[in-house]
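In UniProt numbering, the protein residues as written are 1 to 285. Built from N, CA and C at the ideal position, the CB exists for glycine as well. Small disclaimer: the values here were computed from a predicted structure and weren't measured. Below you'll find the structure, written out as structure tokens, and then a few comments.
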Amino acid sequence: MTPVVPDRRGVSDAPVWRRLQPVVTFVLVVLSIGIPLWLVLVTAAKSRGEALTPDLSLPTEWHLLENLGQVWGDGEVLRASLGSLLVVVPSVIGVLLFGSMAAWILARRATRLNAVLYALAISGIVLPPAVVTVVLLLRQLGLAGSAVGMIGVYMGIYMSTVIFFVTGFVRTIPTSLEEAAQLDGASPMRVFWLVVLPLLRPVLATATILVCLYVWNDVFYAFFVIGGRLDTLPLNLFRVASAGLYLNNWHLIFAYVILMSLPLVVVFAVAQRKIISGITSGAVK
């Protein structure tokens, strides 16, 4: 009787693939993230003549600080930053507050109606908003071209993202904590503020970064709602890049991009652990 020899091809191939996974991941990260970042950095450090055709080569002389200083003064970055903060801060606070409240109710009351409401709430993630309808509605309300109207638009657009993340996270919180607070005489609002909201810090940190990233870099919706009436960083970059000041001055345009990105990079670096914790605890569960 001929003995059966087991097929070891899968056994021998598996360790090789596992050893190659970190290498492949590193190469993909470098190609997708590292190369664009390097292009922005070296172009922002070049002179105007060298930056006419952006490439990955190093500048003959580094003018990064000089270009950043010129952009800060001539590009009115400080005024545009204040405009961005005027829109971003209320939008983020509002969408986190109302989104977390809605997510708490949807997670705790398991009814068919709430299931339908939850499906409708998160449908905004994949369904794009009707820009023309939104602008017309803001005109009817007298909010077109105002910061209040822009804040309302951002809250409506990104409410779905907050509800999606927070609802999954709330379901992991034991209900006994809320019941104990209710037995002590706490009202539903006090239960939310004193018990639920402090436990939502990891997932709210994740939602904060995502919403800030979208709102801080948005130029499409801002152009239609507040274009020409309030300067934000993306709108200001679009304006100066289209004008004679930055026309074909790629070194200044990329220097502006660096200045515009620095606040988000700092915030992400500080809160990266809570961001990862929020993603794994909220969206997955």
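inquiry  = Is it buried or exposed, F26, if we count other Cβ atoms within 10 angstroms and call 16 or more buried?
reply    = On the sequence shown, position 26 is the one that residue 26 refers to. Answer is exposed; the Cβ neighbour count stays below 16.
query = Taking contact to mean at least 3 C-beta pairs separated by less than 8 Å, is the region 154-162 in contact with the region 86-106?
reply = Three or more Cβ pairs closer than 8 Å define a contact, and the region 154-162 meets that threshold against the region 86-106.
query = Whose C-alpha, out of G83, R48, S81, D55, is nearest the C-alpha of N67?
reply = As a position in the sequence shown, residue 67 is number 67, starting the count at 1. If you compare the alpha carbons of G83, R48, S81, D55 with that of N67, the shortest gap goes to R48.
request  = For A138, I'd like the list of residues in its chain whose CB is within less than 6 Å of its CB, leaving aside the five on either flank, ordered along the chain.
outcome  = Your numbering for residue 138 matches position 138 in the sequence shown. Checking the sequence, you will find Leu at residue 138 rather than Ala. Contacts found: A144, G149.
inquiry  = My assumption, with CB atoms under 8 Å, is that T161 sits in contact with A103. Please give the rounded CB distance.
reply    = As a working note, residue 161 is residue 161 in the sequence shown. As a working note, residue 103 is residue 103 in the sequence shown. 11 Å between Cβ atoms; not a contact.
task = Compare the C-alpha of V225 against each of A45, L136, R108 and name the closest.
result = Looking up residue 225 in the sequence shown gives position 225. Closest in C-alpha terms to V225, from the list A45, L136, R108, comes L136.
query = Which of helix, strand or coil does DSSP assign to N249?
reply = What you label residue 249 is simply residue 249 of the sequence shown in a count that begins at 1. N249: coil per DSSP, three-state reduction.
query = Does the beta-carbon of I125 have 16 or more other beta-carbons within 10 angstroms, so that it is buried, or is it exposed?
reply = Indexing the sequence shown from 1 puts residue 125 at position 125. By the 16-neighbour rule on beta-carbons within 10 angstroms, I125 is exposed.
query = Nearest to C212 by CA position, among S91, W38, I173, is which residue?
reply = Taking the sequence shown and counting its residues from 1, the one referred to as residue 212 is at position 212. Ranking the options by Cα distance to C212, first place goes to S91.
ask   = So what does DSSP say about D231, is it helix, strand or coil?
value = Against the sequence shown, residue 231 aligns to sequence position 231. Annotated three-state conformation of D231 is coil, per DSSP.
key: D55 classed as buried or exposed, judged by whether at least 16 other C-beta atoms fall within 10 angstroms   = The residue given as residue 55 occupies position 55 in the sequence shown. Exposed, since its Cβ has fewer than 16 Cβ neighbours within 10 Å.
request  = For I226, name the three-state secondary structure that DSSP assigns.
outcome  = What you label residue 226 is simply residue 226 of the sequence shown in a count that begins at 1. Of the three classes helix, strand and coil, the one that applies to I226 here is coil, per DSSP.
request  = Output the boundary residues of the alpha helix (DSSP H) element that contains G149.
outcome  = Within the sequence shown, the letter at position 149 stands for residue 149. Counted as a single uninterrupted DSSP element, the alpha helix (DSSP H) harbouring G149 occupies residues 147-170.
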